[in-house]
Amino acid sequence: MNDIRVMLGRSMRHVTRSLDTIITVTIMPIAFLLLFRYVFGGAIQTGTDNYTNYLMPGVLLIAIASGISYTAFRLFMDMKSGIFERFHSMPIARSSVLWGHVLTSLVSNAISVVVIMLVGLIMGFRSSAGVLAWLGVAGILALFTLALTWLAVIPGLTASTPDGASAFSYPLVFLPFVSSAFVPTGTMPGPVRVFAENQPVTAIVNAIRSLFEQQPVGNDIWIALAWCAGILVVAYGFAMAAYRRKIA
Amino acid sequence: MEKQGPAIRVSGLRKSYQKLEVLKGVDFEVARGSIYALLGSNGAGKTTIVRILSTLLQADDGDASVNGFDVVAEPARVRESISLTGQFAAVDEILTGRENLVMIGRLRRIDDPRRTADELLERFGLAEAAGRRVATYSGGMRRRLDIAMSLIGDPPVIFLDEPTTGLDPEGRLEVWQVIQKLAHGGTTILLTTQYLDEAEKLADRIAILHDGTIIVSGTLAELRELLPPAKVEYVERQPTLEEIFLAIVGQR
Ligand SMILES: Nc1ncnc2c1ncn2[C@@H]1O[C@H](COP(=O)(O)OP(=O)(O)OP(=O)(O)O)[C@@H](O)[C@H]1O
Ligand SMILES: [Mg+2]
Chain S
20 MNDIRVMLGR
30 SMRHVTRSLD
40 TIITVTIMPI
50 AFLLLFRYVF
60 GGAIQTGTDN
70 YTNYLMPGVL
80 LIAIASGISY
90 TAFRLFMDMK
100 SGIFERFHSM
110 PIARSSVLWG
120 HVLTSLVSNA
130 ISVVVIMLVG
140 LIMGFRSSAG
150 VLAWLGVAGI
160 LALFTLALTW
170 LAVIPGLTAS
180 TPDGASAFSY
190 PLVFLPFVSS
200 AFVPTGTMPG
210 PVRVFAENQP
220 VTAIVNAIRS
230 LFEQQPVGND
240 IWIALAWCAG
250 ILVVAYGFAM
260 AAYRRKIA
Chain Y
3 MEKQGPAIRV
13 SGLRKSYQKL
23 EVLKGVDFEV
33 ARGSIYALLG
43 SNGAGKTTIV
53 RILSTLLQAD
63 DGDASVNGFD
73 VVAEPARVRE
83 SISLTGQFAA
93 VDEILTGREN
103 LVMIGRLRRI
113 DDPRRTADEL
123 LERFGLAEAA
133 GRRVATYSGG
143 MRRRLDIAMS
153 LIGDPPVIFL
163 DEPTTGLDPE
173 GRLEVWQVIQ
183 KLAHGGTTIL
193 LTTQYLDEAE
203 KLADRIAILH
213 DGTIIVSGTL
223 AELRELLPPA
233 KVEYVERQPT
243 LEEIFLAIVG
253 QR
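Those protein sequence lines, which keep their order, are chains S and Y. Start counting the first sequence at 20; every next residue gets the next number (this note's numbering). Start counting the second sequence at 3; every next residue gets the next number (this note's numbering).
Set out below in structure tokens:
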């Protein structure tokens, strides 16, 4: 625990000392929020009267998807600078090196989610959700972050350039656009619609949206949790395999 | 934790990277409290040996133990016994010099990480730069910080992989003094270097790694005897280690 605390403290300093990462992680989703709310929003028919509410879950997922690319980047830099090896030659719990990065990702993404929600509040985001529903939202977002963070560990350990380490998140950032995050899937043409309705973002977005609106979550929440848990298990498996290859 | 026998014992060590056979059966022993210099040309496998001894890399065959602990069977005990200063400074660029030292102190669970950090900063001439991010340090400052980080926790065995590469003459002398002081205090030091005068000056014993094995080892005096006497006459002074090295490597 001591080791993880030191690693977390170190890595959080990296986050707070690189202002540009904080800005890109929160500014881009906020820009999407503004763009969709005030530019496209008027023309989009969602069947709800508060489009900011409609947008919020998808924008949060975009923030997380772009946030975890910095985890890959920071891990890559640790590998490259040799400090990773220094830690591994020391009498500490070796797992704390990776977990320090993973916990940092959870904390820093939680911070950017809160910042974006506060901006959302100013723009008219309202929720009638009770404590339990909020906990549910926090839980899904945390699980989603954890799953994507372990996914990010893979390029962080294996990439050969810093760009390669962070580029993998671009398709993840794009995924919410082909989902129910901004527009209902009903108007999409056949194959696109099939993809949109069966990819993880749609289930996660629908579940969070229902929780915010105090609506029954139905099957969406289970599909969402299954996706997150599935990605987590597979990514963790591949990440640990990559890790073992690196330290062997 | 103190054990009897040599501080480092390596026998029949082999390691290949894919088809490239780097170590072809390396044997050597390092006595406690001594300075042992490992010499070899670029790519000879010095760093590979250091990485195996610091549990970062697995050998294909052979045995290696540090402070009496086998590197494969008891890696955790080995890591408690050692400190590694790798070939390239492994410091955290985003933290300050002091924060780097305090971080290592916390990880090694020493009593007063801050005080130790301040002492080391003073000793390595980094006190003024202590509050600056390491990214702004010169190569020599980084190297000194790197070595300072390795001293925290007083491990009985220290590996220094080319510790003075990139240092100016003063910095080198400083580091030499640190190394000699450590050895006086009973620390065992395994040093790799490209500078033969460094080995000549510091090492109690010297080993030359060539073509995957240690082709000669001994004290400087012993190595001197290996040269043909005609050569000694010709040079008119004691041969330098450099001449010994080149003569031996050239013979093969
Ligand atoms: N991870 C690796 N994969 C493939 N080959 C490697 C790897 N690491 C080292 N080598 C090769 O093994 C050989 C020995 O490398 P090593 O770094 O141990 O040499 P060295 O004696 O430390 O050299 P130098 O004096 O240049 O630091 C070199 O030919 C190197 O290219
Ligand atoms: Mg080397």
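Even for Gly, the Cβ is constructed at its ideal location relative to N, Cα and C.
Sequence-distant Cβ neighbours of S/K265 in its own chain, meaning closer than 6 Å and more than five residues away, are L176. With respect to S/S131, S/T90 sits apart: the two C-beta atoms are not nearer than 8 Å.
A residue is listed when its beta-carbon falls short of 7 Å from at least one non-hydrogen atom of ligand 2; in chain order these are Y/K48, Y/T49, Y/Q89, Y/D163, Y/E164, Y/T194. Residue-level contact by beta carbon holds for S/I102 and chain Y, with a gap shorter than 8 Å. For Y/A92, the residues of chain S that pass the 7 Å Cβ criterion are S100, G101, I102, E104, R105, in the order they occur in the chain. Among the CB atoms of chain S, one or more fall inside 8 Å of the CB of Y/L97. Note that the C-beta distance between Y/I181 and Y/I154 is not below 8 Å. Around the beta carbon of Y/A131, 16 or more other beta carbons sit within 10 angstroms, so the residue counts as buried. Comparing alpha-carbon positions, the option among S/F92, S/G158, S/S114 lying closest to S/S185 turns out to be S/F92. Nearest in C-alpha terms to S/V172, of all of S/R228, S/A215, S/F214, S/V252, is S/V252. Here the alpha carbons of Y/S140 and Y/G107 stand approximately 23 Å from one another. For S/L38, the enclosing alpha helix (DSSP H) has its first and last residue at 38 to 54. Note on geometry: alpha-carbon atoms of S/I111 and Y/D29 lie some 29 Å from one another.
For S/M109, a Cβ of chain Y is located within less than 8 Å of the residue's own Cβ. Judged by DSSP secondary structure, Y/G14 falls outside any alpha helix (DSSP H) and instead within the beta strand (DSSP E) spanning 10 to 19.
Inclusion of Y/L40 and Y/A209 in the CB contact set at 8 Å is warranted, their separation being smaller than that value.
Taking non-hydrogen atoms of ligand 1 into account, the C-beta of Y/Q196 is found less than 7 Å away from one of them. For S/I159, the uninterrupted alpha helix (DSSP H) run begins and ends at 150 to 177, by DSSP.
Taken through DSSP and simplified to helix, strand or coil, Y/F71 comes out as strand. With the rule of 3 Cβ pairs closer than 8 Å, the segment 214 to 222 of chain S does not count as touching the segment 135 to 150 of chain S. When 7 Å is used as the limit between beta carbons, Y/L109 is near these residues of chain S: D22, V25, M109, I111, in chain order. The beta carbon of S/L27 sits closer than 7 Å to the beta carbons of G119, L122, T123 from its chain, once the five residues preceding and following it are set aside; these are given in chain order. Judged by DSSP secondary structure, Y/I54 falls outside any beta strand (DSSP E) and instead within the alpha helix (DSSP H) spanning 48 to 55. It is roughly 12 Å from the alpha-carbon of Y/G88 to the alpha-carbon of Y/L147. No Cβ-Cβ contact shorter than 8 Å links Y/S85 with Y/P165. Where S/D239 is concerned, the enclosing alpha helix (DSSP H) starts and stops at 239 to 266. For the C-beta of S/R263, not a single chain Y residue is nearer than 8 Å; the gap to the nearest is close to 11 Å.
Less than 8 Å separates the beta-carbon of Y/G35 from that of Y/T189. Selection Y/E227, Y/V136, Y/Y197 evaluated against Y/T98 yields Y/V136 as nearest (Cα-Cα). Taking CB atoms only, Y/S56 has a neighbour in chain S less than 8 Å away. For Y/M105, the chain S residues whose Cβ falls inside 7 Å of its Cβ are V25, R29, in order along the chain. Beyond the five residues adjoining it in sequence on each side, S/D22 comes within less than 7 Å, by CB distance, of I111, A112, S115 in the same chain, given in chain order. Look at the segment 74 to 88 of chain Y: the residues with a C-beta under 8 Å from a C-beta of chain S are A78, R81, E82, I84, S85, L86, G88. In the displayed model, Y/R34 falls within coil according to three-state DSSP, outside both helix and strand. Here Y/E95 carries a coil assignment [DSSP, helix/strand/coil]. With a cutoff of 7 Å, S/G209 does not count as near ligand 1, since its C-beta is closer than that to no heavy atom of the ligand.
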